[in-house]
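Each residue of the sequence shown is one higher than the last, beginning at 68 in our numbering.
Positions of the beta carbon are idealized from the N, C-alpha and C atoms, including for glycine.
Report on the following structure.
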Amino acid sequence: MNKSFTYGARLLAGWVASSRLYSRLGVPVFAQADRVVVLHAVMALVVAACSAAAPGANAPSAAQTADSASTETALGADSDSGADAASSDTIPAADAVPDQVVVPETAQPDTGPETAQPDTGPETAQPDTGPETAANGDSGDAILIESVDDVPVNDATDSGQDTQVDGTADTTAKDGPVVAKPIAAELGPAVPVTLEVLLKPPVLFAAAAEGAAVLAQAGTSTVIASDPELPPIPLTGAIGKAHSVVALAAGELLVASELGLYGAVKNMLLVSPLQAVIGAIPKRIFTQIVAGKNHLWLQTGAGIWRYDGSVAQPLSIFGTDPAALTTAIWRAGPQVAIDSQSGQPQANGVATPALWLYWQGAVHALVIKGNFAKLWIDEPIANGADLQCDGSGTVWLLAQDGTVHRRAINGSWQWLALPEPVTALVARTDLPIAALATASGLWIHQNGVFFPLLNTAGHSLRDLTSTAALVTVSTAGLTRVVLGEIKPPPPPSWATIVQPIYLAHCFDCHKADAGTVKLHNAVQWKLWYDKIVFQVDTNTMPLVGLKLSQQQKAVIKLWAKGGFAP
Numbered sequence: 068m069n070k071s072f073t074y075g076a077r078l079l080a081g082w083v084a085s086s087r088l089y090s091r092l093g094v095p096v097f098a099q100a101d102r103v104v105v106l107h108a109v110m111a112l113v114v115a116a117c118s119a120a121a122p123g124a125n126a127p128s129a130a131q132t133a134d135s136a137s138t139e140t141a142l143g144a145d146s147d148s149g150a151d152a153a154s155s156d157t158i159p160a161a162d163a164v165p166d167q168v169v170v171p172e173t174a175q176p177d178t179g180p181e182t183a184q185p186d187t188g189p190e191t192a193q194p195d196t197g198p199e200t201a202a203n204g205d206s207g208d209a210i211l212i213e214s215v216d217d218v219p220v221n222d223a224t225d226s227g228q229d230t231q232v233d234g235t236a237d238t239t240a241k242d243g244p245v246v247a248k249p250i251a252a253e254l255g256p257a258v259p260v261t262l263e264v265l266l267k268p269p270v271l272f273a274a275a276a277e278g279a280a281v282l283a284q285a286g287t288s289t290v291i292a293s294d295p296e297l298p299p300i301p302l303t304g305a306i307g308k309a310h311s312v313v314a315l316a317a318g319e320l321l322v323a324s325e326l327g328l329y330g331a332v333k334n335m336l337l338v339s340p341l342q343a344v345i346g347a348i349p350k351r352i353f354t355q356i357v358a359g360k361n362h363l364w365l366q367t368g369a370g371i372w373r374y375d376g377s378v379a380q381p382l383s384i385f386g387t388d389p390a391a392l393t394t395a396i397w398r399a400g401p402q403v404a405i406d407s408q409s410g411q412p413q414a415n416g417v418a419t420p421a422l423w424l425y426w427q428g429a430v431h432a433l434v435i436k437g438n439f440a441k442l443w444i445d446e447p448i449a450n451g452a453d454l455q456c457d458g459s460g461t462v463w464l465l466a467q468d469g470t471v472h473r474r475a476i477n478g479s480w481q482w483l484a485l486p487e488p489v490t491a492l493v494a495r496t497d498l499p500i501a502a503l504a505t506a507s508g509l510w511i512h513q514n515g516v517f518f519p520l521l522n523t524a525g526h527s528l529r530d531l532t533s534t535a536a537l538v539t540v541s542t543a544g545l546t547r548v549v550l551g552e553i554k555p556p557p558p559p560s561w562a563t564i565v566q567p568i569y570l571a572h573c574f575d576c577h578k579a580d581a582g583t584v585k586l587h588n589a590v591q592w593k594l595w596y597d598k599i600v601f602q603v604d605t606n607t608m609p610l611v612g613l614k615l616s617q618q619q620k621a622v623i624k625l626w627a628k629g630g631f632a633p
């Protein structure tokens, strides 16, 4: 037994003896129940006094340490980190301390091998002070961002400071979760437009045809409208409701409908031979320029076919059943840089043709080599509504909440919001622009800037023509929205629009040396104009051959309206 314990035992024995003496003298000291409580308290004081009186006393054994886990004070210091800054005890000499488990001096939570003081090194938990530090909300390691691509979207932690990653702003309450939000789109000045009504309502379907012309359906009629001053040209043939139109080449128009694939030939809609080749009704058709050659793509419920002008064949996709992509939105789009060895996307790789898809909550690039393709996830984006690609190499995704996601040619994505939700988005790969619609009107995007179009409220956006005019439907009917204020064209002349009709239908009976009425020049036509109009409207003239079409009759009246120019 060591000296400190003997000293304490003597103090305790003296207290017990004095207690008995006071009892014999009739002096009440403690009740029997209180003796036990006081005894425990005195024992604790004695042990503490012994410890203070004997600094070289032995530390408890390992077994004793385990049994006294609830003890409020302990001997010794942290053997890993040296003397604790909060301790006033002196560390005994090494040869005076037995090889036993030493518990920490204080009952505060262990902060690890480092001191409990705040870390002032590069791993500090100070607020994020620049775009290259993403604080994680505690005193652990900060994340060094070498590029914006290293930052996951919707990161769960932030320093409380708004940051932008690929155009996305992160708003964070202090020590709270990150809420990603779109950034405001860059807006330009309002652009004046000219509205050209091509067809009276109601209009059920409208899409760009060849040039500035528009194919439209009103009731059971399918027409080609090209001039607000002329009636549309009707196309004969029952095709059901149309959903896609493409111009393959000059004079070659292809229409896909709920009943199949049709070609427009001499104002007639005839079943296309491609319908029998693909063996299914196409859900969408679109074109893509590959090496200067126009390729037609036909999406069906079983996959997708490509027609290069001579051969039509289905596309094979590595690792994916094409039939699984039935619900995908398909578009022709910009090429993708691919490493020639691994076949992986690479910034400085070989430019390779690609289709773009929105499928299962992500934008995909379908990289094409020959008749085979491989599908890559380019960007996961939830709740997409429509996918478009324009001629500047931009890929667009319209989200269901009315925001838009924009992919630049370098592969970076931005999440953008216009002043009000976007309801429609259209683009085409032969124009470096995109058109958008909101509740207050139409917009044009070019070179990163969005321009509102004046006086376009209430227009439902349908398509873009190859002449950069917007195809819309409003209460006024089918409308072509032309950017800028158009100067009135010169009045139609006899030489340009009437004489061709005369030579084709009237020359044989009304030439200069004819025995009947001579109609060989503009003077004669003006002289006999009222009688000519009456007879062509009633189909009395021409006497032989084909009668004049509605378009030709309208041209004659348009010439008179312009002042009978020679």
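Practice task
Starting from Leu-341, follow the alpha helix (DSSP H) in both directions and report where the run begins and ends.
Solution key: From DSSP, the alpha helix (DSSP H) with Leu-341 extends over 340-345.
Handout entry: Residues bridged to Pro-412 [DSSP beta-bridge criterion]
Key = Looking at the DSSP output, Pro-412 bridges to Ile-405.
Handout entry: C-beta atoms of Ala-347 and Thr-367 nearer than 9 Å
Key = yes
Exercise for the section: Determine, using beta carbons only, whether Ile-371 and Val-313 come nearer to each other than 9 Å. Expected result: Contact flag unset, no.
Exercise for the section: Return the first residue and the last residue of the beta strand (DSSP E) that Phe-631 is part of. Expected result: Element bounds for Phe-631: n/a, residue is neither H nor E.
Practice task
Write down the C-beta distance between Ile-448 and Leu-422 rounded to the nearest angstrom, noting that I regard them as a contact closer than 8 Å.
Solution key: About 17 Å; that fails the 8 Å criterion.
Handout entry: Inter-residue spacing [alpha-carbon to alpha-carbon] between Leu-433 and Ala-414
Key = 17 Å
Handout entry: Cβ pair count under 8 Å reaching 3, the stretch 605-624 against the stretch 580-587
Key = no
Practice task
With a threshold of 16 other CB atoms inside 10 Å of the CB of Ser-507, please say whether the residue is buried or exposed.
Solution key: exposed
Exercise for the section: Using beta-carbon positions only, say whether Asp-530 and Ala-275 come within less than 9 Å of one another. Expected result: yes
Exercise for the section: Determine the closest residue to Lys-628 out of Pro-558, Leu-254, Asn-361 and Cys-576, with distance taken between C-alpha atoms. Expected result: The shortest Cα separation from Lys-628 among Pro-558, Leu-254, Asn-361 and Cys-576 belongs to Pro-558.
Exercise for the section: Could you name the residues that DSSP lists as bridge partners for Phe-284? Expected result: Correcting the residue type first, residue 284 is Gln in the shown sequence and not Phe. Partner(s): Phe-272 and Thr-289.
Practice task
Locate the alpha helix (DSSP H) running through Thr-571, then write down its first and last residues.
Solution key: Per the sequence shown, residue 571 should be read as Ala rather than Thr. Start and end: 566-572.
Practice task
Rounded to whole angstroms, what's the CA-CA distance from Ile-248 to Asn-514? Just pull it up for me.
Solution key: It should be noted that the sequence gives Lys, not Ile, for residue 248. The straight-line gap from Cα to Cα measures roughly 23 Å.
Practice task
Excluding the 5 residues preceding and the 5 following Pro-609 in the sequence, name in chain order all residues of the same chain whose CB lies nearer than 7 Å to its CB.
Solution key: Hits under 7 Å: His-572 and Cys-573.
Problem - Burial state of Gly-400, where buried means 16 or more other Cβ atoms lie within 10 Å - result: buried
Exercise for the section: Work out the CA separation of Pro-298 and Val-600 for me, nearest whole Å. Expected result: 16 Å
Handout entry: For Cys-576 and Gly-307, the rounded distance between their alpha carbons
Key = 43 Å
Practice task
With a 10 Å radius around its C-beta and 16 neighbouring C-beta atoms as the bar for buried, classify Leu-615 as buried or exposed.
Solution key: buried
Practice task
Only counting runs of 3 or more residues, tell me where the beta strand (DSSP E) segments fall wholly within the stretch 508-588, in order along the chain.
Solution key: 508-513, 516-519, 527-531, 537-541 and 544-550
Exercise for the section: Specify whether the stretch 526-543 and the stretch 263-280 touch according to this definition: at least 3 beta carbon pairs, one from each stretch, less than 8 Å apart. Expected result: yes
Exercise for the section: Could you tell me which of Val-462, Gly-428 and Asp-457 sits nearest to Ser-479, measuring between CA atoms? Expected result: Measuring from the Cα of Ser-479, the nearest candidate turns out to be Val-462.
Exercise for the section: Look at the alpha carbon of Val-538 and the alpha carbon of Ile-568, and state the distance between them as a whole number of angstroms. Expected result: 30 Å
Handout entry: Endpoints, the beta strand (DSSP E) within which Gln-366 is located
Key = 360-367
Problem - Distance CB(Asp-445)-CB(Val-430) smaller than 9 Å - result: Yes, the pair counts as a contact, with Cβ atoms nearer than the cut-off.
Handout entry: Three-state secondary structure assigned by DSSP to Ala-390
Key = DSSP places Ala-390 within a helical segment (H, G or I) once states are collapsed to three.
Practice task
Give the DSSP-derived three-state secondary structure of Ala-399 in the structure shown.
Solution key: Ala-399 falls in the strand class under three-state DSSP.
Problem - Per DSSP, cross-strand counterpart(s) of Asp-375 - result: Per DSSP, none; premise fails for Asp-375.
Problem - Spatial distance of Val-338 from Asn-606 (CA atoms) - result: 31 Å
Handout entry: Assigned secondary structure, Leu-265 (DSSP; H/G/I helix, E/B strand, else coil)
Key = The answer is strand: DSSP assigns Leu-265 an E or B state.
Problem - Neighbour-count burial assignment, Asp-497, 16 or more Cβ in a 10 Å radius - result: exposed
Problem - Gln-266 classed as buried or exposed, judged by whether at least 16 other C-beta atoms fall within 10 angstroms - result: The sequence as given places Leu at residue 266; Gln does not occur at that position. Burial state of Leu-266 is buried, judged by a 10 Å Cβ sphere holding 16 or more other Cβ atoms.
Handout entry: Alpha-carbon spacing of Ile-256 relative to Val-322, whole angstroms
Key = In the sequence on display, residue 256 carries Pro and not Ile. When rounded, the distance between both Cα atoms is 37 Å.
Exercise for the section: Measure the C-alpha to C-alpha separation of Gln-380 and Arg-373 and round it to an integer number of angstroms. Expected result: 6 Å
Handout entry: Candidates Leu-382, Lys-333 and Leu-521, of which the one nearest Gly-551 by Cα
Key = Leu-521
Handout entry: Whether Pro-499 touches Asp-457 by CB criterion (9 Å)
Key = yes
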